[in-house]
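Asker: The sequence shown lines up with residues 11 to 415 when you count with my numbering. Idealized CB from N, CA, C, for every residue including glycine. If you scroll down you'll find the structure; I have some questions about it.
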Amino acid sequence: MLDVQVDLTDPRTFIPEPPYQAWAAMRRQDGLAFQERRNAPGFFSVTRYHDVDSVARDATNYSCESGMTLDTALGSQDPAAGKMVELTDPPRHRRLRKLVSSGLNRSVANSMAGALRWRVDTWVADAVRAGAVDFVEAVSERVPSAATGLLLGLPEWEWDKLADRASRALCSSLSHEDEEVGDLSARRRSTATANGQLLVHLAGLLDHAELADDGLIRRLLDAEIDGERLTREEVLLNCLNLAIAGNETTKNATTGGLVAFSRNPDQWQLLRRRPELLDSAVEEILRYTSPIQHVTRTVLRPGTLGGTDLKPGDLLCVWVASANRDEEIFTEPDAFRIDRDPNPHLAFTAGKHFCLGASLSRLQIRLVFESLLSRVESIGLLGPPIRRPTNLVTAYASLPVELTE
Ligand code: HEM
């Protein structure tokens with residue numbers, strides 16, 4: 011059994027950059043690296059593309075029900091298992107996914123494009139006019155806040171409140187100066203408090219008099235498939251899932267994409283010359299930034315993965331961000347190349363739990379860069395991007411930039 015050289019549970023390991031070199035070393039070694047934890051079960055790290063892909067596609071041998079993140083997977087069933095789509099194994103997963111996806115497919119995403127485009131355009135135009143801005147505040151965080159608000163059918167004054175609570179629930183609000191950031195119990199306490207506040211807030215929204223009839227909350231409350239409806243608790247938990255899954259992810263993809271362009275000005279000029287590469291650029295942003303860095307799974311049946319024997323109950327940390335830099339699949343994986351083809355990244359994973367918001371987030375990233383493309387000649391960093399310490403999302407607190415017309 012191999013020992014990891016870096017502490018992958020410590021959020022500080024992930025700033026200023028995720029541990030790409032440590033993952034590359036793990037990919038080259040036989041077997042899966044194992045890391046002990048003091049107050050929680052140890053875990054195997056799955057780092058090679060093919061292993062990540064095969065775990066993601068196998069919902070029979072690997073379970074989501076004991077938690078989906080290193081901080082929450084502590085060896086027992088998650089209380090939301092069986093009720094929240096992301097924390098549910100087949101066969102119950104199929105029913106939940108069908109109900110949730112009915113309000114979140116590509117045509118729903120496309121129908122939101124008009125309402126999102128003019129907003130994105132206004133925010134980008136204001137940011138360009140201002141010259142120097144914090145791009146996170148000016149654009150990145152506003153886009154998913156609006157998209158999630160529109161998706162759920164919330165009145166506009168509720169959007170930012172929900173987005174803020176959802177961000178805190180995903181990423182502990184501890185700052186990197188705070189010495190408690192390395193303490194799992196402290197992180198769990200702060201995340202549990204934020205989750206509780208988000209749930210109470212959402213419970214109030216379910217009865218909001220101004221919910222849009224075609225919004226997802228109303229649809230989920232009324233949806234019926236094969237004679238089955240979601241309970242109120244299931245609607246609440248799945249809205250929580252959507253609010254959390256939809257906000258930090260897309261916000262950091264957009265921010266990380268802008269950082270990548272600012273550090274690779276030739277790629278920005280290439281996109282300006284060949285705007286038809288925009289969809290391909292969106293895929294490269296997703297691969298290169300890997301907004302969700304890991305998911306976890308618990309082994310259900312004895313088997314072998316990447317040369318390591320596994321037994322029921324073993325915890326796997328599936329490093330999507332490592333798979334997306336696997337040199338066996340991607341030529342020069344650390345290079346940001348908007349014309350990469352093919353680009354079979356796993357940013358949304360694969361298989362039964364493949365991200366339900368993929369179309370919506372692709373749309374948002376596309377709208378932001380489309381708008382930038384029509385206005386901006388060069389992107390200059392005015393200072394280092396400020397990252398938030400977390401091993402779950404590739405999170406940015408701020409990005410001071412100058413956007414020049
Ligand atoms: C760049 C943005 C996004 C990224 C990188 C991303 C990534 C992911 C990943 C890695 C998973 C876990 C898959 C697994 O466990 O195998 C997931 C699941 C999910 N995502 Fe996303 N996501 C993004 C945006 C969104 C948005 C905008 C929404 C909805 C508003 C959303 C809703 C969901 C849901 C509901 C699931 C659970 C699906 C299931 O378990 O069947 N995501 N996403």
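Give a yes or no on whether the C-beta atoms belonging to T241 and K108 are separated by under 9 Å.
Answerer: no
Asker: Tell me, please, which residues DSSP counts as bridged to A142.
Answerer: E412
Asker: With a cut-off of 8 Å on the beta carbons, I'd call L377 and L126 a contact; round off their distance for me.
Answerer: L377 to L126, Cβ: 6 Å. Contact.
Asker: Does any heavy atom of ligand 1 sit closer than 8 Å to the C-beta of G367?
Answerer: yes
Asker: In whole angstroms, what separates the C-alpha of Q31 from that of D232?
Answerer: Within the model, the alpha-carbon separation for Q31 versus D232 is close to 49 Å.
Asker: Output yes or no for whether 9 Å exceeds the beta carbon distance between A173 and E151.
Answerer: yes
Asker: Name the two residues that bound the continuous beta strand (DSSP E) containing V305.
Answerer: 304-309
Asker: What do you reckon, is the C-beta of L250 under 8 Å from a heavy atom of ligand 1?
Answerer: Taking 8 Å as the cut-off, the C-beta of L250 does not count as close to any heavy atom of ligand 1.
Asker: Leaving out five residues before and five after A119 in sequence, what residues of the same chain have Cβ atoms less than 7 Å from its Cβ?
Answerer: S369, L370, L373
Asker: If we count the other Cβ atoms within 10 Å of its Cβ and call it buried at 16 or more, is T341 buried or exposed?
Answerer: So T341 ends up on the exposed side.
Asker: Specify, as a first and last residue, the run of the alpha helix (DSSP H) that L161 falls within.
Answerer: Where L161 is concerned, the enclosing alpha helix (DSSP H) stretches over 152-162.
Asker: Can K108 be considered in contact with ligand 1, in the sense that its beta carbon sits closer than 8 Å to one or more heavy atoms?
Answerer: no
Asker: Excluding the five sequence neighbours on either side, which residues of its own chain have a C-beta within less than 6 Å of the C-beta of S381, listed in chain order?
Answerer: Same-chain partners within the cutoff: V130, D131, V134.
Asker: What residue range does the alpha helix (DSSP H) around T265 cover?
Answerer: 242-273
Asker: Quick check: L409 and V245, are their CB atoms within less than 9 Å of each other?
Answerer: no
Asker: Between S121 and D223, what straight-line distance do the alpha-carbon atoms span, to the nearest angstrom?
Answerer: 15 Å
Asker: Taking one C-beta from the stretch 26-45 and one from the stretch 266-281 each time, how about it: are there three or more such pairs within less than 8 Å?
Answerer: no
Asker: Consult DSSP for L80 and reduce its assignment to one of helix, strand or coil.
Answerer: Note: L80 maps to coil in three-state DSSP.
Asker: With DSSP run on the structure shown, which of helix, strand or coil describes F402?
Answerer: Sequence check: residue 402 is Leu here, not Phe. It is coil, neither helix nor strand.
Asker: Counting C-beta neighbours from all protein chains within 10 Å, is the total for Q303 16 or more, i.e. buried, or is it exposed?
Answerer: buried
Asker: Could you please give me the residues that DSSP links to C327 through a beta bridge?
Answerer: S55, T306
Asker: Please return the same chain residues whose Cβ sits closer than 7 Å to the Cβ of E337, not counting the five positions on each side in sequence.
Answerer: P343
Asker: When the distance is taken between beta carbons, is D17 closer than 9 Å to A333?
Answerer: no
Asker: Helix, strand or coil for G214, going by three-state DSSP, please let me know.
Answerer: helix
Asker: For D99, collect the residues of the same chain with a Cβ closer than 7 Å to its Cβ; drop the 5 residues on either side in sequence, then sort them by chain order.
Answerer: Leaving aside the five residues that flank D99 on each side, the residues in its chain whose CB is nearer than 7 Å to its CB run, in chain order, A69, S73, C74, E75.
Asker: Would V386 be called buried (16 or more neighbouring beta carbons within 10 Å of its own) or exposed?
Answerer: Buried: at least 16 other Cβ atoms inside 10 Å.
Asker: Measuring CA to CA, which of R104, Q39, E415, P28 is closest to G361?
Answerer: R104
Asker: Compare the beta carbon distance of V56 and V328 with 9 Å and say whether it is the shorter of the two.
Answerer: yes
Asker: CB-CB under 6 Å to M11, same chain, minus the five flanking residues each way: which ones, in chain order?
Answerer: Low confidence applies here, because M11 scores a pLDDT of 46, under 50, leaving its location unreliable; read the following figure in that light. Within its own chain, the residues whose Cβ lies closer than 6 Å to the Cβ of M11, once the five positions on either side in sequence are excluded, are F44, listed in chain order.
Asker: Within a Cβ cutoff of 8 Å, which residues of the same chain sit near G192, ignoring the five residues on either side of it in sequence?
Answerer: D20, P21, R22
Asker: Buried or exposed for V438, please, with buried defined as at least 16 other CB atoms from any protein chain shown within 10 angstroms of its CB.
Answerer: Nothing in the structure corresponds to residue 438, since the chain is present only between 11 and 415.
Asker: Report buried or exposed for Q277, applying the criterion of at least 16 other Cβ atoms within 10 angstroms of its Cβ.
Answerer: buried
Asker: Around the Cβ of T264, are there at least 16 other Cβ atoms within 10 angstroms (buried) or fewer (exposed)?
Answerer: buried
Asker: Just to confirm, is the Cβ distance from L320 to V309 under 9 Å?
Answerer: yes
Asker: Look at V8 and V143 and say whether their C-beta atoms are less than 9 Å apart.
Answerer: Residue 8 is absent from the structure shown; the chain starts at 11 and stops at 415.
Asker: CB C249 to CB L288, shorter than 9 Å?
Answerer: no
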